[in-house]
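Enquirer: Please see the structure below; I have some questions.
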Ligand code: GUN
């Protein structure tokens, strides 16, 4: 079998176009222009790339964006003071503190101070708590997990009753995507570094989400024939045959797994583009929540 390639790039573009259209409509009807503030502390090169990309996408979609860059040595109180200033700013509808923060800072306290109504990352404990509980509705859902569910729904008529295995239990991807899968009535297994006999667990998965940061860890014999495989990993591996000397690979051995799966996300061009598209959607939603009748 040769798997369908799930084109995250094209699906993300669809979402961005929908957001751009709604932003334009808001402008025409005199409603506020959505505004996203990012806070980047320190000089992590990957974070700098992600934040730049978020601002570029805002610009393309007509969303205002405000870029706050602080030195790695910034004291906790100053980061919190900035978050509180942004909470009060009427032009800012969404606040994103780029993670990871420098180790000297207390991430939990910073995220706790973001207004729940501006928490476009969905990482505030109230939003995550509401995501985890039946009958509750979080104001926002974390972006990469929301993007993964969107891709799955495009490829499966229903997630109900499916065996879903999530590799990884991070706050940013593994845990929230597992919670979202439960909300879709999937039967969910979360695996992590202490899990035993991973290939046996993953071989029972109708849906396999890999988010562990280990290049090409998931092999063909880990995958049930016909499974839908979502690869969240973006790993650099040395490759002297390329101009840059490296290439990007996922957590899944793409070539061999595509012979077994029914559908698979490529790296790059699968989950990656979905994260920013969902952030744009969340920022639009934050502006809608701030509308007088929102
Ligand atoms: N670092 C990696 N992914 C994310 C994300 O989705 N949001 C934030 N704030 N930081 C990240």
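In this note's numbering, the protein residues as written are 741 to 1034. Here a beta-carbon is modelled for each residue, glycine too, at the ideal position from N, C-alpha and C. All values derive from a computational prediction rather than experimental measurement.
(1) Pair every Cβ in the segment 896-911 with every Cβ in the segment 869-881, then say whether three or more of these pairs are closer than 8 Å.
(2) Cβ of residue 912 within 6 Å of any heavy atom in ligand 1?
(3) Spell out the partners DSSP gives residue 854 in its beta bridges.
(4) With a threshold of 8 Å, are at least 3 pairs of Cβ atoms found where one atom belongs to the segment 853-861 and the other to the segment 819-835?
(5) State yes or no: is the C-beta of residue 871 nearer than 6 Å to some heavy atom of ligand 1?
(6) What are the partner residues of residue 971, as DSSP defines its beta bridges?
(7) Taking 7 Å as the limit between beta carbons, can you name the residues of its chain near residue 909, skipping five residues before and five after?
(8) Any idea which residues DSSP pairs residue 805 with across the strands?
(9) Who does residue 929 pair with in a DSSP beta bridge?
(10) Sort 798, 865 and 934 by Cα distance to residue 1019 and report the nearest one.
(11) In this structure, what does DSSP give as the bridge partners for residue 978?
(12) Would you report the Cα separation of residue 776 and residue 855, rounded to the nearest angstrom?
(13) In or out: residue 936 buried (at least 16 other Cβ within 10 Å) or exposed?
(14) For residue 822, which residues in the same chain have their Cβ closer than 8 Å to its Cβ, ignoring the five residues on either side in sequence?
Expert: On the basis of the coordinates in this document:
(1) no
(2) yes
(3) Answer is none; residue 854 lacks a bridge partner.
(4) yes
(5) no
(6) 950
(7) 915, 930 and 932
(8) 776
(9) 905
(10) 798
(11) 986
(12) 13 Å
(13) exposed
(14) 779, 808 and 810
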